[in-house]
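These protein sequences, in sequence, are chains A and B. Mapping to the numbering used here: the first sequence position 9 is 23, numbers consecutive. Mapping to the numbering used here: the second sequence position 255 is 269, numbers consecutive.
Number of protein chains: 2
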Amino acid sequence: MDAEGILSLPLAWAEGKGNSADVIVSSRVRLARNLDRFPFVTRATPEERKSVAEAVREAIESEPLFRECTCCPVCELEALSRGLLVERRLMSPGFLKGCPERVLFIDAKGIVSVMVNEEDHLRIQVLLGGLALCEASRIASSIDRILTRLGFAFDSEFGFLTTCPTNVGTGLRASVMLHLPALKMSHAMPEIIAQSGRLGLVVRGAYGEGTTSAGSLYQVSNQVTLGLSPEELIEKVEAIASRLAEQEGRARDVLLKGQKTLEDRLWRAWGTLSHARRIGLSEAMECLSLVRMGQEAGLGAPFNKMPWGRLFLDIQPGHVQARTGRQLSEEETEVARAELIRNALAQL
Amino acid sequence: MDAEGILSLPLAWAEGKGNSADVIVSSRVRLARNLDRFPFVTRATPEERKSVAEAVREAIESEPLFRECTCCPVCELEALSRGLLVERRLMSPGFLKGCPERVLFIDAKGIVSVMVNEEDHLRIQVLLGGLALCEASRIASSIDRILTRLGFAFDSEFGFLTTCPTNVGTGLRASVMLHLPALKMSHAMPEIIAQSGRLGLVVRGAYGEGTTSAGSLYQVSNQVTLGLSPEELIEKVEAIASRLAEQEGRARDVLLKGQKTLEDRLWRAWGTLSHARRIGLSEAMECLSLVRMGQEAGLGAPFNKMPWGRLFLDIQPGHVQARTGRQLSEEETEVARAELIRNALAQL
């Protein structure tokens with residue numbers, strides 16, 4: 015699949031639609047599965063991994079549900095396309111490096127992707143906009159049921175077996191990406207992160223290392239995959255995501271009430287986005303985060319029609335390069351990013 | 015004179031016209047004079063200071079040249095007007111505090127002002143746009159000649175006598191205000207300041223304390239008033255001002271050549287000015303300085319028509335309050351300043 019094809023894929027989660035979309039950007043369910051009759055990816059021979067990929071491809075291609083699915087052997091992907099797929103979260107960054115037998119399947123709606131020979135033989139991922147873990151889980155389960163005839167490694171005591179023990183059991187990771195600028199500004203995140211840990215959940219910056227969170231984007235997901243049913247795990251993550259969305263809403267109200275300073279920050283972010291001639295990724299994400307906050311806070315024009323999700327994606331380095339049509343140096347990327355943002359805002 | 019009257023005064027130096035106006039904002043000549051028959055201001059009785067003021071008023075009012083001059087006893091000036099006059103550099107900040115017998119004369123063109131009972135009995139000041147020390151000196155001398163019949167304190171050895179010994183001799187201070195953003199960015203100012211000192215000249219930030227220079231505005235003036243003729247002093251200051259203007263021009267060329275980073279800074283300054291909802295004085299001055307640099311560097315629209323000098327004045331706290339028509343808290347001033355700037359830019 016070439017860069018143009020990937021850019022033209024729909025991207026439900028970037029459209030800013032769905033439940034609680036003012037705070038919740040996207041919901042993701044991921045299942046880790048391995049084929050019983052082959053060794054795990056790290057222990058398998060190239061031949062065995064090739065056989066795994068073949069078996070999965072046959073299973074998928076014979077299934078009417080996957081008719082419009084695209085099969086992408088990672089080795090054949092051009093450099094520009096790889097960056098795009100990671101930034102669109104259709105494959106993991108880790109999937110870029112790995113054995114040559116890696117294959118990615120993507121459905122035509124940009125919702126489902128299946129990574130073959132990542133850490134596990136199969137990683138089935140469903141990604142939707144807003145708070146939609148149940149729906150994502152329903153879709154993931156239906157794919158799981160179809161592929162189960164490949165013969166999954168399963169232990170009656172432990173459940174699904176996986177390369178890394180942290181995935182054993184349900185093999186399920188449910189995660190929600192939230193935009194929490196007000197909680198971050200109010201310095202509430204460290205406490206929230208600590209509390210979540212005690213509940214067996216992980217809250218971390220969705221972009222950036224450690225506790226930093228470029229663009230005030232956070233991800234909440236289940237820590238453990240064992241001991242609870244998939245439904246219970248989903249419910250747990252969904253519950254905390256909803257609670258965080260509520261807290262964020264209250265924090266925004268508090269910050270906006272009578273605070274000229276915050277309004278000023280939001281407008282300055284707009285000023286920077288609409289005028290900078292060169293801008294780095296983290297600053298651009300921070301400004302977009304503030305502009306999104308201004309949009310949700312009802313600051314009106316010009317915030318109204320800001321295509322936040324799409325722009326957020328378009329400023330990622332792989333997207334900037336793909337839109338420019340060639341690989342760029344860091345300075346060139348920053349200049350192109352600034353131009354891309356200015357053009358987008360000028361069209362509003 | 016009320017605030018409205020002062021705001022309607024023309025202000026040659028703020029119009030950005032004159033020689034080397036791309037770098038040189040204004041030229042000022044100031045003469046210190048004292049009346050022979052009265053003690054210096056600090057030693058005179060209130061009655062004596064009142065007599066000084068009366069004598070000066072008579073001399074000025076009987077002179078056709080001063081027909082359209084306004085006489086303002088400082089005590090009668092309302093608070094809003096005082097700030098305006100200082101910010102327009104028609105009177106010194108020190109003149110705000112002092113004896114009750116202070117009187118200010120301003121000509122209708124906003125070029126000449128005479129302070130009576132400041133540190134000396136008379137401070138005659140001429141302020142013009144661009145590099146125009148000779149012209150300013152010519153005007154100051156003509157006023158000096160007219161007022162000389164008041165009988166100035168003069169010593170054949172020392173020249174004109176003044177309260178502070180640093181003004182003895184010619185009583186002349188020639189100063190030029192320059193906009194030197196590129197020399198400041200290139201960290202060239204400390205060396206320039208040191209060199210000037212060795213030449214008997216002072217270069218210092220025109221606004222802000224010590225070596226800081228809000229808005230990259232610097233003032234160069236003569237240190238000594240003794241031992242050189244007025245013409246020699248003027249020539250000396252004019253020569254260094256011209257040299258600094260040349261150096262600044264070269265530094266701008268170097269900075270702008272191929273440096274996307276500088277262009278970015280200039281545009282971001284525009285973005286801040288056109289979007290901030292609250293802005294402090296020093297940040298606003300810095301942004302205006304950058305925008306002026308962009309204007310001179312030929313960045314084109316929207317920099318083209320920026321009324322830099324006028325806006326620079328309008329953002330000063332006294333002007334912000336006078337335009338709003340009342341005294342404001344610091345936060346209110348910052349909010350009003352941001353609004354005033356946005357409105358000015360929106361009208362371009």
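Ideal Cβ placement from N, Cα and C applies to all residues, glycine included.
For residue i, would you say it is in contact with chain B, using Cβ-to-Cβ distances shorter than 8 Å as the test?
i, result
"A290/A", "yes"
"K271/A", "no"
"T177/A", "no"
"T286/A", "yes"
"K319/A", "no"
"K198/A", "no"
"E310/A", "no"
"K123/A", "no"
"T239/A", "no"
"K274/A", "yes"
Are residue i and residue j close, meaning C-beta to C-beta below 8 Å?
i, j, result
"E348/A", "G308/A", "no"
"F166/B", "R47/B", "yes"
"A26/B", "K123/B", "yes"
"L145/B", "S41/B", "yes"
"V234/A", "V251/A", "yes"
"E101/A", "H289/A", "no"
"I248/B", "S151/B", "yes"
"C148/B", "I120/B", "no"
"V126/B", "I153/B", "yes"
"L141/B", "L161/B", "no"
"G81/A", "Q139/A", "The residue asked about is misnamed: residue 81/A is Arg in this sequence, not Gly. No. Outside cutoff."
"P53/B", "C113/B", "no"
"D328/A", "R337/A", "yes"
"D134/B", "V55/B", "yes"
"E132/B", "F168/B", "no"
Nearest-angstrom Cα distance between residue i and residue j?
i, j, result
"A253/B", "R96/B", "34 Å"
"E77/A", "R71/A", "10 Å"
"A259/A", "M191/A", "11 Å"
"K31/B", "H193/B", "14 Å"
"Q228/B", "Y221/B", "For the sequence presented, residue 228/B should be read as Ala rather than Gln. Distance between the alpha carbons of A228/B and Y221/B is about 5 Å."
"R282/B", "I355/A", "14 Å"
"L99/A", "M105/A", "6 Å"
"Q330/A", "A69/A", "34 Å"
"W284/A", "C301/A", "7 Å"
"A202/B", "E262/B", "10 Å"
"P244/B", "L91/B", "34 Å"
"S156/A", "T275/B", "52 Å"
"M129/A", "R212/A", "31 Å"
"N236/A", "F174/A", "16 Å"
"E310/B", "W322/B", "11 Å"
"R324/B", "R291/A", "27 Å"
"E18/A", "R279/A", "36 Å"
"P87/A", "A67/A", "9 Å"
"A352/B", "G312/A", "21 Å"
"L240/A", "V182/A", "6 Å"
"L21/B", "E29/B", "14 Å"
"Y232/B", "F326/B", "14 Å"
Give a yes or no on whether the minimum CB-CB distance between residue i and chain A is below 8 Å.
i, result
"T338/B", "no"
"T347/B", "no"
"W6/B", "Look at the range of chain B in this structure, 15 to 362, and you will see that residue 6/B is not part of it."
"D278/B", "yes"
Cβ of residue i within 7 Å of any heavy atom in the ligand ZN?
i, result
"R218/A", "In the structure shown, the ligand ZN is absent, as is every other ligand, since no ligand is present at all."
Using the three-state DSSP reduction, which class does residue i fall into: helix, strand or coil?
i, result
"P87/B", "strand"
"A290/A", "coil"
"F168/B", "strand"
"A188/B", "strand"
"G183/A", "strand"
"N318/A", "coil"
"H193/A", "strand"
"N357/B", "helix"
"M129/B", "strand"
"I329/A", "coil"
"Q309/A", "helix"
"V37/A", "coil"
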